[in-house]
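Q:
Residue numbers (this note's numbering): 4 to 292.
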């Protein structure tokens with residue numbers, strides 16, 4: 004388990020978590036003691052892509068939302084990400100706050116491995132013209148917006164009609180996303196390094212409700228036959244959809260790389276711990292402290 008030691012690290016924190024800025028400063032100081040160049044940036048900055056341009060590793064401080072955002076930014080430049088959990092669930096992060104000195108010492112010595120996770124690319128087309136596209140690490144969701152009415156979505160797989168869904172929506176997820184919204188909707192759990200695409204209907208009405216696992220090279224087309232649908236990609240601001248819009252989902256050319264020091268069996272141990280204890284379900288009076 005040996006990889007090149009990082010020489011230029013960008014620490015990404017979020018203003019939404021006050022503790023993240025102070026911890027970033029502590030980590031930057033320790034890295035400087037080890038002759039590793041470290042800079043601190045904010046994931047909320049408009050120029051975050053430029054911040055990471057010359058880094059050989061990112062350290063993301065926050066919860067799973069931070070890891071999704073940082074992972075997508077880093078994947079564009081093939082940069083690995085080490086996550087320090089400051090959120091409630093912390094399913095994607097490698098390090099708990101009290102563990103970072105020991106883990107960071109191992110990473111600086113090159114004692115780590117890289118976990119590659121596939122991503123998806125979703126392209127919204129209107130009247131056969133592309134409007135926008137997103138790369139996601141978890142999932143793409145096409146479904147109902149603010150109304151309580153179900154939506155009609157025609158699903159095609161590699162051009163052939165699969166199903167006409169009447170449901171709250173359809174999730175197309177990566178193996179990483181199989182433990183997120185897709186799991187809540189009754190989907191299977193896929194190992195994170197698997198290369199498959201998962202399609203799950205949310206509350207389908209009078210139609211097949213079984214999730215479908217597809218090959219990495221599959222193209223999924225979701226055509227909307229409703230006036231009140233929206234597109235959501237990894238929790239980004241929802242995009243309103245019009246009748247006839249098509250969302251095409253394929254494997255992204257990019258992959259996210261997470262820095263790991265735990266044995267590869269960590270996934271199942273962490274999964275069971277989170278599912279049995281579920282810290283995300285705890286109610287906090289002030290989650291930003």
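Ideal Cβ positions, reconstructed from N, Cα and C, are used throughout, including at glycine. Note that this is a predicted model, so its numbers are computed, not measured.
Using a Cβ-Cβ cut-off of 8 Å (strictly less than) and excluding sequence neighbours within five positions of residue 51, which residues of its own chain qualify?
A: Answer for residue 51: 15, 44, 45 and 76, listed in chain order.
Q: Would you identify the three-state DSSP class for residue 275, choosing helix, strand or coil?
A: In the structure shown, residue 275 sits in a helix (DSSP, three-state: H, G or I).
Q: Measure from the alpha carbon of residue 193 to the alpha carbon of each residue in 141, 136, 182 and 26, then state which is nearest.
A: Closest by alpha carbon: 182.
Q: Cβ of residue 38 less than 8 Å from any chain D Cβ?
A: The displayed structure is made up of one protein chain only, and chain D is not part of it.
Q: Residue 126 by DSSP, collapsed to three states: which one?
A: If DSSP states are grouped into helix, strand and coil, residue 126 belongs with the strands.
Q: Measure the beta-carbon distance from residue 253 to residue 129 and round it to whole angstroms, keeping in mind my assumption that it falls under 8 Å.
A: Not a contact, Cβ separation roughly 18 Å.
Q: Taking buried to mean at least 16 other C-beta atoms within 10 Å of its own C-beta, is residue 1 buried or exposed?
A: This structure leaves residue 1 out entirely; the chain is present only between 4 and 292.
Q: So, with DSSP's three-state summary, where would you put residue 16?
A: Strand.
Q: Please go through the region 221–266 and give each complete beta strand (DSSP E) segment of 3 or more residues, from N-terminal end onward.
A: Runs found: 223–227, 232–236 and 249–263.
Q: Under the rule that 16 or more other beta-carbon atoms within 10 Å means buried, what is residue 268, buried or exposed?
A: Classification of residue 268: exposed, given that the 10 Å Cβ count is below 16.
Q: State the start and end residues of the unbroken alpha helix (DSSP H) segment that holds residue 104.
A: First-last of the alpha helix (DSSP H) with residue 104: 103–111.
Q: Whole angstroms is fine: what's the gap from residue 186's alpha carbon to residue 36's?
A: One C-alpha to the other measures close to 43 Å.
Q: Given a cut-off of 8 Å, decide if residue 126 and residue 65 are closer than it, judged by their beta-carbon atoms.
A: No, the pair does not count as a contact, with Cβ atoms beyond the cut-off.
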